[in-house]
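Enquirer: Going down the list, the sequences are from chains E and R. If you're matching positions, the first sequence starts at 30 in my numbering and goes up one per residue. If you're matching positions, the second sequence starts at 221 in my numbering and goes up one per residue. Cβ atoms here follow ideal geometry from the backbone N, Cα and C, with glycine treated the same way. What follows is a single structure, and I will ask about it in a moment.
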Amino acid sequence: DSGVTQTPKHLITATGQRVTLRCSPRSGDLSVYWYQQSLDQGLQFLIQYYNGEERAKGNILERFSAQQFPDLHSELNLSSLELGDSALYFCASSVGLDRAGNEKLFFGSGTQLSVL
Amino acid sequence: KNEVEQSPQNLTAQEGEFITINCSYSVGISALHWLQQHPGGGIVSLFMLSSGKKKHGRLIATINIQEKHSSLHITASHPRDSAVYICAASNTGNQFYFGTGTSLTVIP
């Protein structure tokens, strides 16, 4: 158990709909990353938050948005869903860089999104 | 062309064999990560490297910054090592670029 909790584990919805994926980081971790893993694109980095602020942005579509709340949990909102958005969405948390410049990521078990 | 290339894509080994997975990258990086994805889908971060070599148990990761190349070695491989191993490069802007993964099967 990584200590990172993602809910729901599975989500089935229809095209055009909007969903919210939730991530609770490990206790004390300030940084949350979101990733998308699909069969054709592999793993892709979407966005990172650190202590409530957006820190880095990757290949995140405009239809997607995320935020990190004061209690450090994060939500990824996916709207106007398309068939191609079907994927496994992971979040990962970390405490940040240590003194040696290392950052260990702890991954949640993912949310499997199926858009029908 | 992908920013991160891994080889081989698939690898089958006999238990006890020494295994090497290679990763080449074309972007400037601040760190190189090795991840392990289990058959059930869960991902574990194995190493984060910015130079040299790191060892954890039977796993060794090396990086050559000049050649933009990293390797993951598994000594005395075991069937429980069967997983997909993914290399990822991160830059100073915390952008991540992922390889397509190496699927490893270790046969008893």
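Could you have a look at L11/E and say whether DSSP puts it in helix, strand or coil?
Expert: The requested residue 11/E is not part of the displayed model; chain E covers only 30 to 145.
Enquirer: Report the residue from P328/R, G321/R, N311/R, E223/R whose alpha carbon sits nearest the alpha carbon of L269/R.
Expert: Counting from 1 along the second sequence, the entry for residue 269/R is found at position 49. It is N311/R.
Enquirer: Could you check where the beta strand (DSSP E) with Q65/E kicks off and where it finishes?
Expert: Within the first sequence, numbered from 1, the residue matching residue 65/E stands at position 36. Residues 60 to 67.
Enquirer: Which residues in chain E have a C-beta closer than 7 angstroms to the C-beta of T320/R? List them in chain order.
Expert: The sequence position of residue 320/R within the second sequence is 100, counting from 1. Going along chain E in sequence order, the residues near T320/R (Cβ under 7 angstroms) are G71.
Enquirer: Count the other CB atoms within 10 Å of the CB of I327/R; is the residue buried (16 or more) or exposed (fewer)?
Expert: For the purposes of this step, residue 327/R is taken as residue 107 along the second sequence, with counting starting at 1. Its Cβ having fewer than 16 others within 10 Å, I327/R is exposed.
Enquirer: Measuring CA to CA, which of F98/E, D69/E, T49/E is closest to E82/E?
Expert: By 1-based counting over the first sequence, the position of residue 82/E is 53. The shortest C-alpha separation from E82/E is found at F98/E.
Enquirer: Does DSSP put R278/R in a helix, in a strand, or in coil?
Expert: Mapped onto the second sequence, residue 278/R falls at position 58. Coil, per DSSP.
Enquirer: Within a Cβ cutoff of 7 angstroms, which residues of the same chain sit near Q153/E, ignoring the five residues on either side of it in sequence?
Expert: As shown, chain E starts at 30 and ends at 145. That puts residue 153/E outside it, with no answer to give.
Enquirer: Between the beta-carbon of Y317/R and the beta-carbon of E223/R, is there less than 7 angstroms?
Expert: Looking up residue 317/R in the second sequence gives position 97. Looking up residue 223/R in the second sequence gives position 3. Yes, the Cβ-Cβ distance between Y317/R and E223/R is below 7 angstroms.
Enquirer: Please identify, using Cβ separations under 7 angstroms, the residues of the stretch 301 to 315 of chain R that lie next to chain E, in order along the chain.
Expert: Taking 7 angstroms as the Cβ-Cβ cut-off against chain E, the residues of the stretch 301 to 315 of chain R that qualify are I306, G313, N314, Q315.
Enquirer: Which partner residues does Q234/R have in the DSSP bridge list?
Expert: Translated into positions along the second sequence, residue 234/R becomes position 14. I327/R.
Enquirer: Can you check which of these residues, G45/E, T34/E, L90/E, is closest to R55/E by C-alpha distance?
Expert: As a first step, residue 55/E must be located in the first sequence, where it is residue number 26. Per the Cα distances, T34/E.
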